[in-house]
Amino acid sequence: MTFQLHPRLQQDCIFLGNLPLCSVLLIKENIGPWVILVPRIEDLKEIHHMTPEQQIQYIQESSSVAQLLEDNFTPDKINIGALGNLVPQLHIHHIARFITDIAWPGPVWGNTNGEIRTQSDQTQLVDLLRDRLSALAGFKQ
1 MTFQLHPRLQ QDCIFLGNLP LCSVLLIKEN IGPWVILVPR IEDLKEIHHM TPEQQIQYIQ
61 ESSSVAQLLE DNFTPDKINI GALGNLVPQL HIHHIARFIT DIAWPGPVWG NTNGEIRTQS
121 DQTQLVDLLR DRLSALAGFK Q
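Heads up: the sequence shown is residues 1 to 141, going by the UniProt record's numbering.
Set out below in structure tokens:
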């Protein structure tokens, strides 16, 4: 079998590129930025199901994305989490949170209005993130 991205992630996200282990996605919703890392491992549901080497690679990629969000957007907090109740494929959320965002201080899930960024704002954010991600080891668009 080959890796396939879950249809819900395809629908809700923009593909930014690939790191050595994970595909990097941007949620279209106008909150965050909200980046998702998806390890390209078929049928993977949990972090502890990865090999130790894959876990180390994931932590490195996650830390790099979190640092990128912190450096470029100066959020009040970065939320990182893997839930998977609706999308069982392992995907880890990295969300730059601000005290001014619509869901603060609660979780983003169920607490936003679903508003999508304007096309102009979306394009600008995608370009910025791809530019910054290109500085990370092994990133390919």
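Even glycine gets a Cβ: it sits at the ideal position worked out from N, Cα and C.
- Shortest Cα-Cα distance from L5 to any of Q89, I99, I56 involves Q89.
- Residue I31 holds the alpha-carbon nearest to the alpha-carbon of P107 among D12, Q11, I31, L26.
- Contact between R40 and P75 fails: their C-beta atoms lie close to 27 Å from each other, not under 8 Å.
- Each of V126, G114, T100, S64 was checked against the Cα of A137, and the nearest Cα belongs to S64.
- Bounds of any alpha helix (DSSP H) do not take in P75, whose DSSP letter is neither H nor E.
- The continuous beta strand (DSSP E) containing V35 extends over residues 34–39.
- In the three-state reduction of the DSSP assignment, E29 falls in the strand class.
- Beta-carbon to beta-carbon, R130 and Q141 are separated by about 6 Å, close enough to satisfy the 8 Å threshold.
- DSSP places R8 in the uninterrupted alpha helix (DSSP H) bounded by 7–12.
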